[in-house]
């Protein structure tokens, strides 16, 4: 799977990318919405992991919506914040911070199986899936 990591904090982004690559995934980093859109326009991503609160007034929630509607890239939000229910209309779910590299890898594997119509198996405790969005993907 090819993952787009949208994270404004460089150290967090590199830690996430290192964990994804160690688990066998390919990952690219965008520090904000504009950069994510530019990458999605030229690269077919299987999934985006998007920080809910980005710098410079960017909204990770709006970024998920743009990636889905314009580039057919499904997203998971990564946040320590509470997420409103309406986000389920364009995000697959939320991976609640803080999470470990193993929880991240398990989450991406499970979501990959779901996107292919398979059984995800045991889900990490920090992962909250929006079943309404998943029904429309399956």
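Residue numbers (the numbering used here): 348 to 485. Note that CB positions come from ideal geometry on N, CA and C, so glycine has one too.
- Residue 399: not part of any beta strand (DSSP E); DSSP gives it neither H nor E.
- Counting only unbroken stretches of 4 or more residues, the alpha helix (DSSP H) elements lying wholly within the region 406-443 are 407-418, in sequence order.
- Shown here, residue 387 sits in a helix according to DSSP, grouped into three states.
- Annotation for residue 461: the continuous alpha helix (DSSP H) segment containing it runs 448-462.
- Collapsing the DSSP output to three states places residue 351 in a strand.
- A distance below 8 Å separates the beta carbons of residue 352 and residue 375.
- No residue range can be given for residue 356, since it is assigned to no alpha helix (DSSP H) and is classified by DSSP as neither H nor E.
- Pairwise C-beta distances place the region 418-427 in contact with the region 436-448, as three or more of them are shorter than 8 Å.
- For residue 460, same chain residues with a beta-carbon under 8 Å away, outside a window of 5 residues either side, are 466, 467, 468 in chain order.
- DSSP places residue 367 within a helical segment (H, G or I) once states are collapsed to three.
- Among the bridge pairs identified by DSSP, residue 474 is matched with 442.
- Partner residues in the beta bridge of residue 373, as assigned by DSSP, are 349.
- When the beta-carbon positions are compared, residue 366 and residue 464 stay at least 8 Å from each other.
- A straight line joining the alpha-carbon of residue 473 with that of residue 388 spans about 30 Å.
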